[in-house]
Amino acid sequence: MKHGKCPKCGSKQIMTDVEVRDDGRSSSHPLKVLVHEPEPPSHGRIWIQGSSAGELSACICAKCGYTELYTNNLSELYTSYTKR
Numbered sequence: 004m005k006h007g008k009c010p011k012c013g014s015k016q017i018m019t020d021v022e023v024r025d026d027g028r029s030s031s032h033p034l035k036v037l038v039h040e041p042e043p044p045s046h047g048r049i050w051i052q053g054s055s056a057g058e059l060s061a062c063i064c065a066k067c068g069y070t071e072l073y074t075n076n077l078s079e080l081y082t083s084y085t086k087r
């Protein structure tokens, strides 16, 4: 849907790269996905878990409302994911 028409209704009225936000009580920020790296089998006394984050954006059909979510920072997310 990102580059064409809605897979549900066929409309070409598509809103792309719409920001997806998490509105809390006192703040608002972009919604993210987070991939944590696993704990290594052996490490020293101090270990800091690595992770990667990606922000979500949406493509929305202006006719039927069908919505697809997309994530950025794919390379770093996949690197963290494959360390599992």
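Residue numbers (our numbering): 4 to 87. Beta carbons: idealized from backbone N, C-alpha and C, even for Gly. Fair warning: this is a prediction, and the values are worked out from it, not measured in the lab.
- Task: Enumerate in chain order the residues of its own chain whose CB-to-CB distance from E71 is below 6 Å, with the five nearest sequence positions on each side excluded.
- Result: M4 and C62
- Query: Near P33, what residues of its chain come up, given a Cβ to Cβ distance below 8 Å and the 5 sequence neighbours on each side ignored?
  - Reply: E22, V23, R24, D25, E58 and L59
- Task: Could you tell me if I1 is buried or exposed, where buried requires 16 or more neighbouring beta carbons within 10 angstroms of its beta carbon?
- Result: Only positions 4 to 87 of the chain appear in this structure, which leaves residue 1 out of reach.
- Hey, could you find the ends of the beta strand (DSSP E) E58 is sitting in? S54 to C64
- Just mark C67 as buried or exposed, buried being the case when its beta carbon has 16 or more other beta carbons within 10 Å. exposed
- Using a beta-carbon distance below 8 Å, is V38 in contact with chain C? Reference to chain C is not applicable here, since this structure consists of a single protein chain.
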